[in-house]
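The block underneath contains the structure these notes are about, expressed in structure tokens.
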Amino acid sequence: MNEGIQPVVRVVDDDPQVLHSTQWLLEGSGYEVATYTDAPAFEAGFDPAVPGCVVLDIRMPNKDGLTLFEEMRERDWDIPVIFLTGHGDVPQATRALLGGAFHFLEKPYNPRQLIETIQNALESDTAMRQAREARSETANRYQELTPRQRDVARHLAAGMSAKETAQRLEMSPKTVEVHRGHILKKMGVCTTVELVHRLQQIQVPFPER
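In my numbering, the protein residues as written are 899 to 1107.
This is the structure:
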């Protein structure tokens, strides 16, 4: 993760007054803000590599917020989305939450509640990005194992002893232990328990005992 990149709060709303007041509130609270008047402008300017969150009006002309959100999900733009809704849009906002939205607030929003929600969303985004980075690193380390080392790793992670693994893979227990040492080093862990957690992270299938 690029720790030097400042998180950006993207605000998407077709109401210029709401857009301006929200930008003023957030910038005054120390956040970096980007504003968009409609969905196409947001899509053209969005960079998923830049951390942050999205504050999205649910009711907009041409393409509404819910449609934009669903398209973001289809594109794997995995970033927290906070919906701003009118009273009559609550059922749609509930649908968005079920679809993975971070939160929704009714207009007129409470400024303190908006800031608190945004701060929580930014913390969630950081955690998600760190988890993705960890999974990517684990996957890369796993790919660096030889095919034989992967076999040994999967059997050991399934809870098999060196002797059981040796019988399954037709090698000596001593050879299994040698492989185990290389595997732990390459995977950046110290114990088999840590190895299990790493392999579960990237959904490596374990053989049945």
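Don't be surprised by glycine CBs; every beta carbon is placed ideally from N, CA and C.
Cut-off 6 Å between Cβ atoms - residues of its own chain near residue 1057, not counting five sequence neighbours on either side: none
Contact set for residue 991: own chain, Cβ-Cβ below 8 Å, skip 5 residues either direction: Apart from the 5 residues on each side of it in sequence, residue 991 sits with its Cβ closer than 8 Å to the Cβ of 956, 981, 983, 999 and 1002 in its chain, given in chain order.
Sheet register partners of residue 951 (DSSP bridge): 907
Cβ-based burial, residue 1060 [other Cβ within 10 Å; buried from 16]: buried
Residue 1040, enclosing alpha helix (DSSP H) - first and last residue: 1009-1042
Close-in-space but distant-in-sequence residues of the same chain around residue 1084 (CB under 8 Å, 5 per side omitted): 1039, 1042, 1043 and 1047
3-residue-minimum beta strand (DSSP E) runs that sit fully inside the region 914-962, ordered along the chain: Within the region 914-962, the complete beta strand (DSSP E) runs of at least 3 residues are 930-934 and 950-955.
Spatial distance of residue 1005 from residue 966 (CA atoms): 19 Å
Residue(s) in a DSSP beta bridge with residue 881: What is shown of the chain runs 899 to 1107, which leaves residue 881 out entirely.
Own chain, CB closer than 6 Å to residue 1055, minus 5 neighbours either side, in chain order: 1093, 1094, 1097 and 1104
Length of the line joining the Cα atoms of residue 997 and residue 968: Roughly 8 Å separates the two Cα atoms.
Where residue 967 sits in the DSSP three-state scheme: helix
The region 940-953 in contact with the region 907-927 per 3-pair CB rule at 8 Å: These segments touch.
Three or more C-beta pairs below 8 Å linking the region 1015-1027 and the region 1064-1081: no
First through last residue of the alpha helix (DSSP H) which encompasses residue 1075: 1071-1085
Chain-order list of residues whose beta-carbon lies under 8 Å from that of residue 971 (same chain, five-residue window excluded): 997 and 998
Alpha-carbon spacing of residue 949 relative to residue 939, whole angstroms: 18 Å
C-beta atoms of residue 1078 and residue 1050 nearer than 9 Å: yes
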